[in-house]
Amino acid sequence: MKIDWKHVHIKDLAAIVVETLKKKNIDILLVGGACISIYTDNKYISGDLDFVSHAALKEISEALQEIGFHRKSSRHFMRDDCPFFVEFVSPPAAVGSEPIHSKKEINTKYGKIVLLTPTDTVKDRLVSYYYWNDPQALEQAAMVAEAQKVDLNEVRRWSLQEGFKEKYDSFIARLRGKKL
Amino acid sequence: MLEGLLGNIMIEKILFFLITYGEGYPLGMAKTFGVPVNRIQQQLKRLEDSGIVASRLIGRVRLYTFNPRYPFLTDLRQLIENAYKFLPDAEKEKFYMRRTRPRRAGKPQ
Numbered sequence: 001m002k003i004d005w006k007h008v009h010i011k012d013l014a015a016i017v018v019e020t021l022k023k024k025n026i027d028i029l030l031v032g033g034a035c036i037s038i039y040t041d042n043k044y045i046s047g048d049l050d051f052v053s054h055a056a057l058k059e060i061s062e063a064l065q066e067i068g069f070h071r072k073s074s075r076h077f078m079r080d081d082c083p084f085f086v087e088f089v090s091p092p093a094a095v096g097s098e099p100i101h102s103k104k105e106i107n108t109k110y111g112k113i114v115l116l117t118p119t120d121t122v123k124d125r126l127v128s129y130y131y132w133n134d135p136q137a138l139e140q141a142a143m144v145a146e147a148q149k150v151d152l153n154e155v156r157r158w159s160l161q162e163g164f165k166e167k168y169d170s171f172i173a174r175l176r177g178k179k180l
Numbered sequence: 001m002l003e004g005l006l007g008n009i010m011i012e013k014i015l016f017f018l019i020t021y022g023e024g025y026p027l028g029m030a031k032t033f034g035v036p037v038n039r040i041q042q043q044l045k046r047l048e049d050s051g052i053v054a055s056r057l058i059g060r061v062r063l064y065t066f067n068p069r070y071p072f073l074t075d076l077r078q079l080i081e082n083a084y085k086f087l088p089d090a091e092k093e094k095f096y097m098r099r100t101r102p103r104r105a106g107k108p109q
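For the record, the sequence lines run as chains A and B. At position 171 of the first sequence the residue is numbered 171 (my numbering), and the sequence of numbers has no breaks. At position 41 of the second sequence the residue is numbered 41 (my numbering), and the sequence of numbers has no breaks.
Put into structure tokens, the structure is as follows:
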């Protein structure tokens, strides 16, 4: 299938990367801002795709060369005609101090994407809000919770475990449309 | 003390620095330890690539802290804090007792 790299959709690129690495028996998980783009149907636009993998970067690098992505720095891969760059963040996949227990799979015309669930995506954004007071992260967490089915009881349990009850309450207030 | 585990002594010093002061920038760490700044930057990059520290730009200075997203941070902090207790007092005094409280601009040194 011919790929229009210049106009490739982030979801399709994620699937292309997942499938390319799967051929080399490398399993990867999409995390970060690209999950927000996918779950909000591009209401939020991410410029990069963050993946977590336990494979060696050398193996990943060799596999990605097959689709024209070259290593630009220790963990970044780019293709000149593609607007997105790909990053492999250090494992393990985690939200705060807890490991990721479940994954979501989405089918595309280029194959399957394996990514964080909407609930874990919300937690992943809330980590940045909780620890760094990042207002954009709070907004992105709310966008996912509004667009997808999210287990708020689980988000609450996790938030309390992380020690951020007050900020969880702020997140819920934001979801209910109250001014923070 | 943890050099064998961490790979080199500079990483150990950087981690003690971050445990003590909470944050730091490469030049400040380099001056504290009396080593070239690129040596510090190299190790900070290694720690950042591993997800152990995170950085952000404040003006023109890149400030490093422990990365709260690192899932083993509580355990790592515990290990570093325990190891710190075993440092000789002279070393604690030399590197990790710097004044951090504010000092009004223009006040004579």
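Using N, Cα and C, we set each Cβ at its ideal position, and we do this for glycine too.
Who are the near neighbours of A:S46 in its chain, counting only those whose CB is closer than 6 Å to its CB and skipping five residues on each side? G33, A34, S37
Which bits of chain A does B:P50 rub up against, with CB to CB less than 8 Å? The residue you asked about is not Pro; residue 50 of chain B is Ser in the sequence shown. Per Cβ cutoff of 8 Å: S90.
Show which residues of chain B have a CB atom less than 8 Å away from the CB atom of A:R75. D49
Give, in chain order, every unbroken run of the beta strand (DSSP E) that is at least 3 residues long and sits entirely within the segment 26 to 99 of chain B. 53 to 58, 61 to 66
If you draw a straight line from the alpha carbon of A:V89 to that of A:K104, how long is it in whole angstroms? 19 Å
To the nearest angstrom, how far is it from the Cα of A:I134 to the Cα of A:S128? Here residue 134 of chain A turns out to be Asp, not Ile, going by the sequence shown. C-alpha separation (whole angstroms): 6 Å.
How would you list, in chain order, the residues of chain B whose beta-carbon sits under 8 Å from the beta-carbon of A:V127? P68, R69
Cut-off 8 Å between Cβ atoms - residues of its own chain near A:W5, not counting five sequence neighbours on either side: G68, R79, D81, C82
Neighbourhood of B:E23 by C-beta, 8 Å cutoff - its chain only, sequence neighbours within 5 removed: L63, Y64, T65
Considering only their Cβ atoms, is the gap separating A:T119 from A:D151 smaller than 8 Å? yes
Entirely within the segment 105 to 176 of chain A and at least 3 residues each: give me those beta strand (DSSP E) ranges in chain order. 111 to 116
Best match in A:G163, A:A141, A:Q148 for proximity to A:I172 [C-alpha to C-alpha]: A:A141
Can the beta-carbon of A:Y110 be found less than 8 Å from the beta-carbon of A:E162? no
Contacting residues, own chain, Cβ-Cβ under 8 Å from A:K23 (five flanking each side not counted): A63
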